[in-house]
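Undergrad: So that we are looking at the same thing, I have put the structure below in structure tokens.
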Amino acid sequence: MKIAKLLRDNHNQTVALPQEFQFQGNEVYIKKIGTAVVLISKDNPWGTLFDSLELFSEDFMETREQPNLEVRETLE
74 MKIAKLLRDN
84 HNQTVALPQE
94 FQFQGNEVYI
104 KKIGTAVVLI
114 SKDNPWGTLF
124 DSLELFSEDF
134 METREQPNLE
144 VRETLE
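Written out as structure tokens, the structure reads:
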């Protein structure tokens, strides 16, 4: 796992990303999940999701039990 340096400037903290982790553009989306901070490209925020789809095995959720469809009244 790579390590990035944290820099402090007054009330802000900056992460100095190694070259291979740097983003295009000037802004990223940021999300805190527990103790992790996730940076997502503002240019292509859905790219991470689409790229991750290839990581699932062919049998992923093969044994998932899907409930039967519920019949409901139609809305008027």
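Note that my numbering has the sequence shown beginning at 74, numbered continuously upward. Glycine is no exception: its CB is placed at the ideal position from the N, C-alpha and C atoms.
Suppose contacts are defined by Cβ-Cβ distances below 7 angstroms. Is phenylalanine 96 in contact with serine 125 by that definition?
TA: No; because the gap between Cβ atoms is not below 7 angstroms, this pair is not in contact.
Undergrad: The beta strand (DSSP E) with serine 114 in it runs from where to where?
TA: Start and end: 109-114.
Undergrad: Identify, in the order they occur along the chain, each residue of the same chain with its Cβ nearer than 6 angstroms to the Cβ of lysine 78, setting aside the five sequence neighbours on each side.
TA: Here the set comprises Ala89.
Undergrad: Roughly how many angstroms lie between the CA atoms of arginine 137 and valine 101, to the nearest whole one?
TA: One C-alpha to the other measures close to 35 angstroms.
Undergrad: Put leucine 80 into one of helix, strand or coil per three-state DSSP.
TA: It is a strand residue.
Undergrad: Only counting the same chain, and skipping five residues up and downstream in sequence, which positions put a Cβ closer than 6 angstroms to that of lysine 104?
TA: Cβ within range, chain order: Val111.
Undergrad: Going by the DSSP bridge assignment, what does lysine 105 pair with across the sheet?
TA: The partner list for lysine 105 (beta bridge, DSSP) reads Val110.
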